[in-house]
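Down below is the structure, laid out as structure tokens.
Numbering (the UniProt record's numbering), first residue to last: 1 to 269.
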């Protein structure tokens, strides 16, 4: 079963890598799991970054801003909210948290049209902020942050900090946040991946190609190849898909060392 799961996961990626090495002539004339005869990967990459006056680089930069900055801010907000729900007492805490859980249950695609209508009223349609601001809200991250706070942040350590004169904000920043670092990284990766792969919201919100994220731009190229018979756009979509996967792989490899438990082992006697 593990072997089948590995094949299901790796075969599409293998096909993507091998197809990216083919010329436009070899793309449909050779076996899908055979490399290109001329190994044209470098030429394809050059063609990708020069196509349409380098629009792919703009899409890639847009996605980095949407996903990178948006996921970082969303993680900070989620961890702060989860810590507050876990360690602080305030009126209506559990009822408010129930609303957060309700937000977890609602799929993101169901919120796209309401978000579009709200953005239209605010004048944010077809703008950077119309896609960026919704990415700052991550109810599942708040839920995870509360779980991590309960597991990683002992109440005794916080009480000791308060006795020493630390305020709530300083206690959170200097004591709780370093302790919950594995949870911070986990929430960041979840939200980064979600925003990076987001498709329907940008499709609804944006009409200017200069503001497209990379996956929406690849969809435009793929649709052009199918509807207008442009095989060069099909090759662009394949090579662009390969390039768009690389940042996710690199990010996971860089941050996986933070996915460790027991950072606070021994902090409380």
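Think of the CB as a built atom: it goes at the ideal place given N, C-alpha and C, for glycine as much as any other residue.
Nearest-angstrom Cα separation, counted from residue j out to residue i
| i | j | result |
| --- | --- | --- |
| residue 39 | residue 127 | 40 Å |
| residue 253 | residue 187 | 16 Å |
| residue 67 | residue 202 | 12 Å |
| residue 139 | residue 218 | 29 Å |
| residue 108 | residue 161 | 39 Å |
| residue 184 | residue 75 | 7 Å |
| residue 2 | residue 94 | 40 Å |
| residue 106 | residue 4 | 31 Å |
| residue 130 | residue 205 | 7 Å |
| residue 65 | residue 156 | 39 Å |
| residue 104 | residue 62 | 26 Å |
| residue 78 | residue 141 | 5 Å |
Reference residue i; option with closest CA among the options
| i | options | result |
| --- | --- | --- |
| residue 243 | 1, 81, 2 and 49 | 49 |
| residue 238 | 24, 4, 10 and 1 | 24 |
| residue 189 | 26, 16 and 73 | 73 |
| residue 221 | 236, 210 and 211 | 236 |
Beta carbon proximity, residue i to chain B, threshold 8 Å
| i | result |
| --- | --- |
| residue 204 | Within the model displayed, chain B is absent; a lone protein chain is all it includes. |
Own chain, CB closer than 8 Å to residue i, minus 5 neighbours either side, in chain order
| i | result |
| --- | --- |
| residue 21 | 35, 36, 39, 40, 41 and 44 |
| residue 158 | 87, 171, 175 and 176 |
| residue 153 | 83, 86, 87, 175, 176, 179, 180 and 264 |
| residue 90 | 84 |
Cβ shell of residue i (< 7 Å), same chain only, five flanking positions each side left out
| i | result |
| --- | --- |
| residue 208 | 126 |
| residue 193 | 248 |
Close Cβ partners of residue i (< 6 Å) along its chain, the five nearest in sequence each way excluded
| i | result |
| --- | --- |
| residue 249 | none |
Can we say the region 173-185 touches the region 121-139, given the rule of at least three CB pairs closer than 8 Å? Segments in contact, no.
Please determine if the region 146-160 and the region 76-88 are in contact, where contact requires at least 3 C-beta pairs separated by less than 8 Å. Yes: the two stretches touch, three or more of their Cβ pairs being nearer than 8 Å.
Does the region 213-232 come into contact with the region 51-59, if we say contact requires no fewer than three beta-carbon pairs (one atom in each stretch) closer than 8 Å? Touching, yes, given that three or more Cβ pairs across the two stretches are closer than 8 Å.
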